[in-house]
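*Asks:* After the structure tokens below, expect a handful of questions from me.
Residue numbers (my numbering): 2 to 201.
Shown next, in the form of structure tokens:
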């Protein structure tokens with residue numbers, strides 16, 4: 002009898018650990034994703050972080066990162082393939098995380114594709130736009146972001162095909178190549194003027 006009780010308790014604890022069930026919640030983290038400014042990242046990538054209790058009191062098996070251009074993030078019932086999505090204007094919703102990703106589960110599938118790391122304060126930091134070799138055959142791919150566009154990002158909690166909850170969308174602008182070129186031209190022009198002033 003005692004052995005059976007021990008087995009049931011152990012199984013319950015494993016279920017909680019592997020499926021991301023969180024019962025102790027901080028309301029400040031609920032449905033929240035935070036963008037991270039990282040100057041070391043290429044312009045076609047963007048870092049973000051979230052908490053273990055971003056989704057609270059849920060029994061879920063999978064997290065998904067969804068991206069779309071602007072307000073099209075509101076239509077994510079049938080996310081597209083990366084290569085198809087990024088060939089359209091505006092870019093419709095697509096998965097940038099692999100199927101079955103769970104940053105708190107065994108094996109932590111998807112951490113490599115999303116370049117995820119566990120931070121000291123208990124948050125998980127990941128990067129969208131990290132993968133370089135996306136093809137039409139890869140249904141879910143975390144390919145480079147397109148320059149000059151405003152993206153919206155949503156984190157989704159699901160149990161199989163059933164969507165349980167989504168984070169509040171966060172938006173960010175990817176700098177365009179022309180902005181970088183213009184900044185370089187301005188810098189060179191300023192240096193030339195400064196050189197002329199010193200000569201006089």
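Glycine residues also receive a C-beta, built at the ideal position from the N, C-alpha and C atoms.
Give me the residue from 62, 166, 38, 79 with the minimum Cα distance to residue 55.
*Replies:* Numbered from 1 along the chain shown, position 54 holds the residue referred to as residue 55. The shortest Cα separation from residue 55 among 62, 166, 38, 79 belongs to 166.
*Asks:* Is DSSP giving residue 72 helix, strand or coil here?
*Replies:* The sequence position of residue 72 within the chain shown is 71, counting from 1. In the structure shown, residue 72 sits in a helix (DSSP, three-state: H, G or I).
*Asks:* So, at 6 Å on beta carbons, what are the nonlocal neighbours of residue 145 in its own chain, with the 5 sequence-adjacent residues on each side left out?
*Replies:* The residue you call residue 145 lines up with position 144 of the chain shown. These residues qualify, in order along the chain: 45, 130.
*Asks:* Using only the alpha-carbon positions, how far apart do residue 29 and residue 156 sit?
*Replies:* The residue you call residue 29 lines up with position 28 of the chain shown. The residue you call residue 156 lines up with position 155 of the chain shown. Spanning the two alpha carbons is a distance of roughly 16 Å.
*Asks:* Based on the DSSP output, what are the partners of residue 1 in its beta bridges?
*Replies:* Shown here, the chain extends from 2 to 201; a query on residue 1 therefore has no answer.
*Asks:* Using a Cβ-Cβ cutoff of less than 6 Å, which residues in the same chain neighbour residue 180 once the five nearest sequence positions on both sides are dropped?
*Replies:* Taking the first residue of the chain shown as position 1, residue 180 is located at position 179. Its pLDDT being 44, under 50, residue 180 is placed unreliably in this model, and the coordinates cannot settle the point.
*Asks:* Apply the 10 Å Cβ neighbour rule to residue 97 and answer buried if 16 or more other Cβ atoms are within range, or exposed otherwise.
*Replies:* For the purposes of this step, residue 97 is identified with residue 96 of the chain shown, where counting begins at 1. By the neighbour-count rule (16 or more Cβ atoms within 10 Å), residue 97 is buried.
*Asks:* Residues in its own chain within less than 6 Å of residue 178 by CB, not counting five upstream and five downstream?
*Replies:* To locate residue 178, count along the chain shown from 1; it is residue 177. Hits under 6 Å: 148.
*Asks:* Taking only three categories from DSSP, how would you classify residue 47?
*Replies:* Walking along the chain shown from the start, residue 47 turns up at place 46. Note: residue 47 maps to strand in three-state DSSP.
*Asks:* Among the candidates 164, 176, 173, whose CA atom is the shortest distance from the CA of residue 77?
*Replies:* Position 76 of the chain shown, counted from the start, is the residue given in the question as residue 77. Per the Cα distances, 164.
*Asks:* Would you be able to state if there are at least three C-beta pairs under 8 Å between the region 120-140 and the region 35-52?
*Replies:* Yes, they touch.
*Asks:* Taking the straight line between their C-alpha atoms, what separation do you get for residue 94 and residue 117?
*Replies:* For the purposes of this step, residue 94 is identified with residue 93 of the chain shown, where counting begins at 1. For the purposes of this step, residue 117 is identified with residue 116 of the chain shown, where counting begins at 1. Approximately 21 Å, taken between the alpha carbons.
*Asks:* Could you tell me the distance, in whole angstroms, from the CA atom of residue 160 to the CA atom of residue 143?
*Replies:* Residue numbering aside, residue 160 sits at position 159 when the chain shown is read from its first letter. Residue numbering aside, residue 143 sits at position 142 when the chain shown is read from its first letter. Approximately 21 Å between the Cα atoms of the pair.
*Asks:* May I ask which residues mark the beginning and end of the beta strand (DSSP E) holding residue 84?
*Replies:* Locating residue 84 in the chain shown gives position 83, where the first residue counts as 1. First-last for residue 84: 83-86, but that is the alpha helix (DSSP H), not the beta strand (DSSP E).
*Asks:* Can you tell which of 140, 158, 162, 168 has its C-alpha closest to the C-alpha of residue 59?
*Replies:* Here residue 59 refers to the residue found at position 58 when the chain shown is read from its first residue. Checking every option, the nearest Cα to that of residue 59 belongs to 158.
*Asks:* Taking the straight line between their C-alpha atoms, what separation do you get for residue 26 and residue 91?
*Replies:* The residue labelled residue 26 in the question sits at position 25 within the chain shown. The residue labelled residue 91 in the question sits at position 90 within the chain shown. So the two alpha carbons sit approximately 36 Å from each other.
*Asks:* What residue from 57, 151, 168, 141 has the CA that sits closest to residue 102's CA?
*Replies:* As a first step, residue 102 is located in the chain shown; it is residue number 101 there, counting from the start. Taking only the C-alpha atoms, the option nearest residue 102 is 141.
*Asks:* Taking only three categories from DSSP, how would you classify residue 29?
*Replies:* One-based indexing of the chain shown puts residue 29 at position 28. DSSP places residue 29 in helix when its eight states are reduced to three.
*Asks:* Name, in chain order, the residues that DSSP records as bridge partners for residue 67.
*Replies:* Counting from one through the chain shown, the residue named residue 67 turns up at place 66. Residue 67 is bridged to 96, 155.
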